[in-house]
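Below: the structure, in structure tokens.
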Amino acid sequence: MPLLLDRRTVLAAPFFVRQLISAPPSGQLRLGAFGAGGMAFVTIDVLLRHPKVKLVCVAEVDSAKLDRLKVKCPDARVYPDWRQMLAKEKRNIDAVCVGTPDHMHAPMAMSAMRLGLPVYQQKPMAHSVHEVHMLTAMARQKNLVTQMGIQIHSAREYQTAVELIQGGAIGKIKEVHSFSEKKWGDTDPLPERTDPVPSTLNWDRWIGVAQPRAFILDAYHPVNWRKRIDFGTATFGDMGCHILDPVFGALGLAAPLSVRSEGAAPNGQSWALHSVIHYVFPGTSVTDGKTVPVTWYDGDARPPEEIQALAGSLQLPGQGSLFVGTKGVMLLPHIAMPVLLPEDQFKDFPMPRHETVNHYHQFVEAVMGNGKTTTGFDYSGPLTEAVLLGPLATRFPKTTLEWNSAKLKFTNSPAANHHVRTKYREGWKVKGL
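Numbering-wise, my numbering puts 294 at position 286 of the sequence shown, and it's gapless, one number per residue.
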């Protein structure tokens with residue numbers, strides 16, 4: 009009978025979790041999970057709706073996040089340390105999913121991939137551009153199935169948008185403006201105090217590879233870590249991976265040539281608000297010219313009035329993209345069907361027909377040898393790289409940073425190069441990163 013752990017036991021160390029006595033039935037995918045609450049639970053829940061997936065084990069540093077999982081998967085073994093879970097369960101699992109704060113994505117994924125395990129990774133793929141490159145290279149070296157959790161990539165709305173652009177519906181693309189009204193940043197300094205750590209939480213393990221610091225109630229765990237430089241990647245990491253995905257997919261983009269921030273700089277602890285980021289990408293077969301500009305806006309920032317006017321009578325949604333072509337404009341809300349503009353010009357335009365694919369189950373099937381994923385690290389790596397260059401650029405306002413992806417460096421800013429790679433704290437270094 010599997011050993012089930014209550015909250016007090018989960019936080020105790022040392023502890024013992026016994027191994028599986030026998031191998032699982034043939035044709036079953038045995039899953040290990042990093043994280044149990046929030047998006048981690050959503051990931052586990054949807055993966056388990058596939059009839060051949062079974063959750064074997066989960067690593068979670070806050071036992072308060074285990075309640076729903078215990079109801080859904082009472083036999084799953086629970087570990088308070090993800091490293092111990094991998095060490096003990098590596099022969100009992102066939103794939104893993106990662107649903108933790110951003111700063112732990114790469115350490116967990118790299119450690120799993122080094123063991124030959126396929127990875128379903130929630131977005132963003134990593135916390136730093138260096139981590140993105142290392143994860144992409146490892147997945148390729150090991151020939152592993154990977155998938156980043158940008159599930160709208162497989163939805164009919166985004167599939168339709170990509171086909172319209174690639175089919176030349178609005179001509180060659182001259183520029184793209186993408187935006188999100190979310191505000192994962194903070195202008196106020198964090199309070200200078202230390203609060204009691206909840207009894208359910210192992211704060212040191214939550215901090216993980218980041219530098220130690222005092223626990224401050226509501227400043228980090230369980231939600232506001234996205235605002236903090238050492239743990240999250242601002243609105244870019246949360247929504248940029250989604251909203252810029254169809255831009256990348258439709259235009260066939262690679263890494264940008266340059267990136268420039270027009271907004272405020274972060275305050276040293278938290279990311280800034282209301283970002284405006286100008287990217288310049290190499291042109292492709294569907295763009296108009298040798299380069300194509302893509303501009304990102306978040307918070308209260310929005311495209312200039314002359315760009316918004318291209319939407320005609322339509323008001324820009326809170327999140328989405330506006331593609332400006334040589335023959336028209338496409339408005340792609342997040343998440344709704346694309347609209348071709350001017351409406352009179354395109355009222356009889358035949359729209360492609362697509363069916364939404366289960367993005368999570370696509371990963372399961374690929375691991376089991378049936379088909380391929382569509383947002384494996386070869387695709388989501390360059391996408392995440394561009395996304396993460398956004399918050400990095402906010403550190404250097406009104407400075408055009410020239411990027412050389414192959415060399416993993418800015419060619420005109422030694423200061424910016426210091427932020428390409430994250431330094432892990434002693435005792436938490438991960439081989440391969």
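Quick reminder that beta carbons are idealized off the backbone N, C-alpha and C, glycines included. Computed from a prediction, not measured in an experiment: that's the story for all the values here.
Indicate whether residue i and residue j have their beta-carbon atoms separated by less than 8 Å.
i	j	result
Cys105	Tyr87	no
Gly124	Met47	no
Leu339	Gly328	yes
Ser136	Leu396	yes
Cys3	Gly43	No answer is possible for residue 3: the residues shown for the chain start at 9 and end at 441.
Gly336	Pro350	yes
Asp102	Leu172	no
Lys406	Gly307	no
Ala394	Pro264	yes
Thr392	Trp279	no
His58	Val302	no
Gly389	Leu143	yes
Ser71	Thr208	yes
Trp436	Val140	no
Leu348	Val300	no
Check residue i in the structure and name its three-state DSSP category.
i	result
Ala423	helix
Pro350	coil
Pro274	coil
Trp211	helix
Thr430	coil
His286	strand
Cys65	strand
Tyr368	helix
Met47	helix
Cys105	strand
His113	helix
Tyr387	helix
Lys439	coil
Trp411	strand
Val25	Note on Val25: pLDDT 31, under 50, position unreliable in the model; the coordinate value appears next. In this structure, Val25 counts as coil in the three-state DSSP scheme.
Tyr228	coil
Glu189	coil
Ile181	strand
Pro201	It is Arg, not Pro, that sits at residue 201 in the sequence shown. Residue state, collapsed to three classes: coil.
Asp53	helix
Val337	strand
Express the C-alpha separation of residue j and residue i in angstroms, rounding to a whole number.
i	j	result
Ser421	Asp386	27 Å
Met156	Ala424	27 Å
Gly333	Val153	35 Å
Lys150	Asp246	28 Å
Arg433	Pro220	8 Å
Arg236	Gly248	17 Å
Val438	Met118	8 Å
Leu441	Ala120	13 Å
Asp83	Ala177	52 Å
Glu183	Trp304	11 Å
Val231	Phe354	43 Å
Gly398	Phe244	7 Å
Trp411	Gly291	15 Å
Glu189	Ala309	8 Å
Tyr166	Pro204	45 Å
Gly377	Asn366	16 Å
Pro206	Pro360	52 Å
Ser266	Tyr228	32 Å
Leu330	Arg91	43 Å
Ser283	Leu252	15 Å
Ala67	Gln323	44 Å
Gly35	Val54	19 Å
Phe49	Ala242	22 Å
Phe418	Asp356	47 Å
Just checking my contact of residue i with residue j at CB under 8 Å: how many whole Å lie between their CB atoms?
i	j	result
Leu56	Leu63	6 Å
Thr168	Met345	6 Å
Thr295	Lys380	Actually they do not touch by this definition, with Cβ atoms about 26 Å apart.
Pro132	Phe239	Their Cβ separation, rounded to whole angstroms, is 12 Å, which puts Pro132 and Phe239 out of contact at 8 Å.
Arg201	Glu363	In fact, because the Cβ distance is near 53 Å, the residues do not count as touching under 8 Å.
Thr430	His161	Rounded, the Cβ-Cβ distance is 26 Å, inconsistent with contact.
His138	Val428	5 Å
Pro199	Ile224	6 Å
With a threshold of 7 Å (Cβ to nearest heavy atom), would residue i be considered close to the ligand MG?
i	result
Val50	Judged by which ligands are present, the structure shown has none, so any question about the ligand MG falls away.
To which residues of the same chain is residue i closer than 6 Å at the C-beta, ignoring the five residues directly before and after it?
i	result
Gly257	Val170
Glu314	none
Tyr368	Val54, Leu55
Take residue i and list the residues in its own chain whose beta-carbon comes closer than 7 Å to its own, dropping the five residues that flank it on each side.
i	result
Gly276	none
Leu94	Ser119, Ala120, Leu123
Cys81	Leu63
Glu97	Gly40, Val64, Cys65
For residue i, which residues from the same chain have a beta carbon less than 8 Å from its beta carbon, with the 5 sequence-adjacent residues on both sides left out?
i	result
Pro311	His185, Phe187, Thr303, Tyr305, Leu324, Leu330
Asp226	Asn232
Phe404	Ser269, Ala273, Ser421, Ala423, Ala424
Asp212	Pro220
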